[in-house]
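> If you're matching them up, the sequences are chains R and E in order. So our numbering is basically just the index in the first sequence, starting at one, shifted up by 6. So our numbering is basically just the index in the second sequence, starting at one, shifted up by 10.
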Amino acid sequence: AQRVTQPEKLLSVFKGAPVELKCNYSYSGSPELFWYVQYSRQRLQLLLRHISRESIKGFTADLNKGETSFHLKKPFAQEEDSAMYYCALSHGSSNTGKLIFGQGTTLQVKP
Amino acid sequence: NAGVTQTPKFQVLKTGQSMTLQCAQDMNHEYMSWYRQDPGMGLRLIHYSVGAGITDQGEVPNGYNVSRSTTEDFPLRLLSAAPSQTSVYFCASSLAGTSGIEQFFGPGTRLTVL
Numbered sequence: 007a008q009r010v011t012q013p014e015k016l017l018s019v020f021k022g023a024p025v026e027l028k029c030n031y032s033y034s035g036s037p038e039l040f041w042y043v044q045y046s047r048q049r050l051q052l053l054l055r056h057i058s059r060e061s062i063k064g065f066t067a068d069l070n071k072g073e074t075s076f077h078l079k080k081p082f083a084q085e086e087d088s089a090m091y092y093c094a095l096s097h098g099s100s101n102t103g104k105l106i107f108g109q110g111t112t113l114q115v116k117p
Numbered sequence: 011n012a013g014v015t016q017t018p019k020f021q022v023l024k025t026g027q028s029m030t031l032q033c034a035q036d037m038n039h040e041y042m043s044w045y046r047q048d049p050g051m052g053l054r055l056i057h058y059s060v061g062a063g064i065t066d067q068g069e070v071p072n073g074y075n076v077s078r079s080t081t082e083d084f085p086l087r088l089l090s091a092a093p094s095q096t097s098v099y100f101c102a103s104s105l106a107g108t109s110g111i112e113q114f115f116g117p118g119t120r121l122t123v124l
C-alpha cells in the first residue's frame with residue numbers, strides 16, 4: 007500500500023538548534039517526494055521537492071531509497087520556521103496531480 | 011492572479027443538509043483536487059480531475075460528488091451532511107506533467123456539521 011508516515015506529531019526545539027522532521031514512505035515504483043508547509047493563518051505551500059535537490063529557507067531533504075525516507079533538515083532553526091509540515095508523495099511517471107500526505111508534524115521553535 | 015479561491019471560508023450545517031463548496035483557479039491548470047484535513051490524519055484526497063469533463067475518486071469519496079464543466083471551476087457537493095464530514099476542506103490545482111509538479115492550494119473551507 008502507498009503510505010507516507012511522519013512519526014512525530016510535534017517537534018519542539020530552541021532557536022538555533024538543528025531540526026530534523028522525519029518522513030518515511032511506502033511505494034512500489036518511482037515516487038516523487040515533497041515537503042509542504044502551512045504557516046499560521048496561511049495556505050499550504052510547497053517548501054521543496056526531491057527532484058530539484060534544492061535548499062529553501064535553509065531546509066534540505068534527501069531521498070534515501072534504501073531506507074525509504076525523505077527527512078527534512080535544517081542546521082539552525084529560526085522562530086519563523088514554526089509551522090505545520092507535511093511530507094507528500096506523488097506517483098512519478100503517472101502523475102495525475104494526486105498527492106498522498108503524511109499525518110503532519112508541528113514544528114515549534116522556542117526563543 | 012487570484013490563484014486558487016474557495017468559498018465559503020466557514021460553514022455550519024445540520025445533519026442531512028446539502029451544500030456545495032466552491033473552488034476556482036485562474037492559472038489555466040489542468041489538474042484540480044479536493045482534500046480534507048483532519049487532526050492526526052493529514053490531508054486525504056476526496057476527488058480529483060485531470061481536465062474538464064473528467065473526474066475520479068480519491069481515497070475518501072463517499073458522501074461527496076464533483077463535476078468539472080470548465081477548466082476553472084471544481085465544486086464539491088455534500089449530498090447529505092454527516093458529523094463525520096466536519097473537517098477543513100482544501101482545493102488544489104496544478105499543471106499537467108510528470109515531474110516535480112507543484113500543487114497550489116486554496117485557503118480552505120472550515121465545515122462543521124451538527
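Glycine residues also receive a C-beta, built at the ideal position from the N, C-alpha and C atoms.
Enumerate in chain order the residues of its own chain whose CB-to-CB distance from R/E26 is below 6 Å, with the five nearest sequence positions on each side excluded.
To locate residue 26 of chain R, count along the first sequence from 1; it is residue 20. Cβ neighbours of R/E26 beyond the five flanking positions: H77, K79.
> Determine the closest residue to E/N75 out of E/Y45, E/F114, E/T81, E/L86, with distance taken between C-alpha atoms.
Taking the second sequence and counting its residues from 1, one reaches residue 75 of chain E at position 65. With distances taken between Cα atoms, E/N75 lies closest to E/L86.
> In the DSSP assignment, what residue or residues form a beta bridge with E/C101?
On the second sequence, residue 101 of chain E is found 91 positions in, with the first residue counted as 1. Answer by DSSP bridge pairing, in chain order: E/W44.
> Answer yes or no: does any C-beta atom of chain E fall closer than 8 Å to that of R/Q109?
Here the question's residue 109 of chain R lines up with position 103 in the first sequence. Yes, R/Q109 counts as interfacial toward chain E.
> Just the Cα atoms here: how many angstroms apart are R/F40 and E/E40?
The residue you call residue 40 of chain R lines up with position 34 of the first sequence. The residue you call residue 40 of chain E lines up with position 30 of the second sequence. Those two C-alpha atoms are separated by around 20 Å.
> Using beta-carbon positions only, say whether E/L89 and E/G110 come within less than 8 Å of one another.
As a working mapping, residue 89 of chain E is identified with position 79 in the second sequence. As a working mapping, residue 110 of chain E is identified with position 100 in the second sequence. Not closer than 8 Å, so no.
> Using a Cβ cut-off of 8 Å (strictly closer), state whether R/S46 contacts chain E.
The count along the first sequence starts at 1 and reaches residue 46 of chain R at position 40. False, the Cβ-Cβ gap to chain E never drops below 8 Å.
> If we require 4 or more residues per run, which alpha helix (DSSP H) segments fall completely within the segment 59-115 of chain R?
You should have found no qualifying run.
> Whose C-alpha, out of E/S97, E/L105, E/L31, is nearest the C-alpha of E/R15?
Within the second sequence, the letter at position 5 stands for residue 15 of chain E. Position check: residue 15 of chain E holds Thr in this sequence, whereas Arg was assumed. Closest by alpha carbon: E/L31.
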